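So the sequence shown is numbered by the numbering used here: it starts at 127 and just counts up by one. These notes concern the structure reproduced below.
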Amino acid sequence: MIVQAAITGAIDFRDAAVHDRDWWTKLWWVLDGLYSERTLRSLDSALRFQQLMAAVATTDEEHNHYREQTTFLQNRLLQELFPWEDTGPTTAKAVVERMRQQYVQRIGDPADPKFQARVQGLIDYWAELRRKRRGESVR
């Protein structure tokens, strides 16, 4: 990484102040940035390859395997880009379960009788509105 920093001109080692703590801090930041950039390019390349393999998979088993690999790499890429975000589960089953939990949290549990009654009330209301509109448009 130090050689890459020198070649790209990110750090000018002619002005290196090896006894200065600030210079070492700057060097660490630049090297960390170069490492992150290299990691992102590598993950992006691997992700594109896995997406291509999933697109040309001949069996469902192959397709599911490459889809899971793609999801894993996408999460790694997101984690590298946004380390403060929780990328969450990486398998399809875990993603579905997480989505279900979020649905229950935000909207309600479909297994709950109160929720079912509320939904049925909405369906009945919309059906009545539809009947009224159809009745008005026929006249």
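Here a beta-carbon is modelled for each residue, glycine too, at the ideal position from N, C-alpha and C. All figures in this text were calculated on a predicted structure; none of them were measured in a lab.
Tell me the rounded alpha-carbon separation between residue i and residue j.
{"i": "Val144", "j": "Gly159", "result": "20 Å"}
{"i": "Arg174", "j": "Pro236", "result": "38 Å"}
{"i": "Asp170", "j": "Lys219", "result": "24 Å"}
{"i": "Gly135", "j": "Leu153", "result": "12 Å"}
{"i": "Asp148", "j": "Ser162", "result": "21 Å"}
{"i": "Val156", "j": "Glu194", "result": "33 Å"}
{"i": "Tyr229", "j": "Glu188", "result": "30 Å"}
{"i": "Arg164", "j": "Ala243", "result": "54 Å"}
{"i": "Leu178", "j": "Leu203", "result": "17 Å"}
{"i": "Trp252", "j": "Phe208", "result": "42 Å"}
{"i": "Met127", "j": "Glu223", "result": "41 Å"}
{"i": "Gly234", "j": "Val221", "result": "18 Å"}
{"i": "Phe198", "j": "Thr185", "result": "20 Å"}
Using the three-state DSSP reduction, which class does residue i fall into: helix, strand or coil?
{"i": "Ile133", "result": "helix"}
{"i": "Arg265", "result": "Bear in mind that a pLDDT of 48 at Arg265, under 50, signals an unreliable position, so the model cannot answer this."}
{"i": "Phe208", "result": "coil"}
{"i": "Asp146", "result": "coil"}
{"i": "Ala172", "result": "helix"}
{"i": "Ala237", "result": "coil"}
{"i": "Asp290", "result": "The structure shown has nothing for residue 290, since the chain only spans 127 to 265."}
When the distance is taken between beta carbons, is residue j closer than 9 Å to residue i?
{"i": "Thr196", "j": "Gln176", "result": "yes"}
{"i": "Glu206", "j": "Leu248", "result": "no"}
{"i": "Ala183", "j": "His191", "result": "yes"}
Assuming residue i is part of the alpha helix (DSSP H), what are its boundary residues?
{"i": "Val182", "result": "Val182 -> no alpha helix (DSSP H), and no H or E assigned at all."}
{"i": "Met127", "result": "Here Met127 belongs to no alpha helix (DSSP H), and DSSP marks it neither H nor E."}
{"i": "Arg224", "result": "Ala218 to Arg232"}
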